[in-house]
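Following: one structure in structure tokens, then a few remarks.
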Amino acid sequence: MEIFHLLHCYTRMRDTKTDYKNIALAKLVQQLRHDIDLHRLIGLNLKALEKSEISNFLLGHIQNLAHGSIAICICKIYEDSRRNELDSIPAIIESLPTLELTAEQKQKITEFGMLYGNASKLTDTKSYLKGALGLFIGIHSATFDRLKKYRDKIGAHSESKVKIDSLPSHDEFETLFSFAKDIYEVVSETIIDVHPAVICRQVGKGFFKLMQSMGIDEPAFNFEEKA
Numbered sequence: 023m024e025i026f027h028l029l030h031c032y033t034r035m036r037d038t039k040t041d042y043k044n045i046a047l048a049k050l051v052q053q054l055r056h057d058i059d060l061h062r063l064i065g066l067n068l069k070a071l072e073k074s075e076i077s078n079f080l081l082g083h084i085q086n087l088a089h090g091s092i093a094i095c096i097c098k099i100y101e102d103s104r105r106n107e108l109d110s111i112p113a114i115i116e117s118l119p120t121l122e123l124t125a126e127q128k129q130k131i132t133e134f135g136m137l138y139g140n141a142s143k144l145t146d147t148k149s150y151l152k153g154a155l156g157l158f159i160g161i162h163s164a165t166f167d168r169l170k171k172y173r174d175k176i177g178a179h180s181e182s183k184v185k186i187d188s189l190p191s192h193d194e195f196e197t198l199f200s201f202a203k204d205i206y207e208v209v210s211e212t213i214i215d216v217h218p219a220v221i222c223r224q225v226g227k228g229f230f231k232l233m234q235s236m237g238i239d240e241p242a243f244n245f246e247e248k249a
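Under the working numbering, the letters of the sequence shown match residues 23 to 249, in that order.
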């Protein structure tokens, strides 16, 4: 059973709405990490897995579940809705109070923003993070549109005659994961002043060990190993 180790320091931002939302975001980011790893591992080692004793139908079902869960999870992480109380990135940014930041805090937040193309001056934390998020979503707008279409037409509903051949690439999944993980960590460290939870990869590592125990020689964990 997976346990989140959230090591909190006492601060005025602990036990606030932002803190609770950020913890919930960490759980979504962790789920996304597991889903991406599981889907990738099955795809990378499919030929070897098909020759093993494990049911091909089971593998296909697990991979399909992971694929759909990736789309739903990403939509949850990035969803912007004023009608509902969400634990998404936009909701976390919106929950931020006006804060007097130290020079070190400003530097860390600016480093995060510049990593994702926000070259504007940091004068207000909420506006600055909104700017970074807006730039990121704009660059990856086609990816988000495809994921939202899947969520709306297939994931959350079963709309007749809707056909979606594929979801975005694993590179895109990793990029969306990285932004979510980075903003979770920067909010934890610089605004709430807590140590962020470690996003582990135990599901992927566990499946990797399972393949080895089934006699699959040198299974690939990442795409680079398959090249």
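C-beta: ideal position from N, C-alpha, C; glycine also.
{"Check": "Burial state of Gly82, where buried means 16 or more other Cβ atoms lie within 10 Å", "Outcome": "exposed"}
{"Check": "Backbone CA spacing between Thr40 and Cys222 [nearest angstrom]", "Outcome": "23 Å"}
{"Check": "Proximity to Gly153 [Cα-Cα], best of Tyr206, Ile64 and Ala141", "Outcome": "Ala141"}
{"Check": "Buried or exposed (CB count within 10 angstroms, at least 16 for buried), Phe158", "Outcome": "buried"}
{"Check": "Where the alpha helix (DSSP H) containing Glu196 begins and where it ends", "Outcome": "His192 to Val208"}
{"Check": "Rounded separation between Ile214 and Phe79 - CA only", "Outcome": "45 Å"}
{"Check": "Reduced DSSP category for His56 - H, G, I as helix; E, B as strand; rest coil", "Outcome": "helix"}
{"Check": "Within-7 Å CB hit, Ser103 to chain D", "Outcome": "The chain inventory of the structure shown lacks chain D, comprising one protein chain alone."}
{"Check": "Where His83 sits in the DSSP three-state scheme", "Outcome": "helix"}
{"Check": "Candidates Met35, Lys49 and Pro241, of which the one nearest Val220 by Cα", "Outcome": "Lys49"}
{"Check": "Nearest-angstrom Cα separation, counted from Met136 out to Glu194", "Outcome": "19 Å"}
{"Check": "Endpoints, the alpha helix (DSSP H) within which Ser163 is located", "Outcome": "Ser163 to Tyr172"}
{"Check": "Beta-carbon gap between Lys148 and Ile115 smaller than 7 Å", "Outcome": "yes"}
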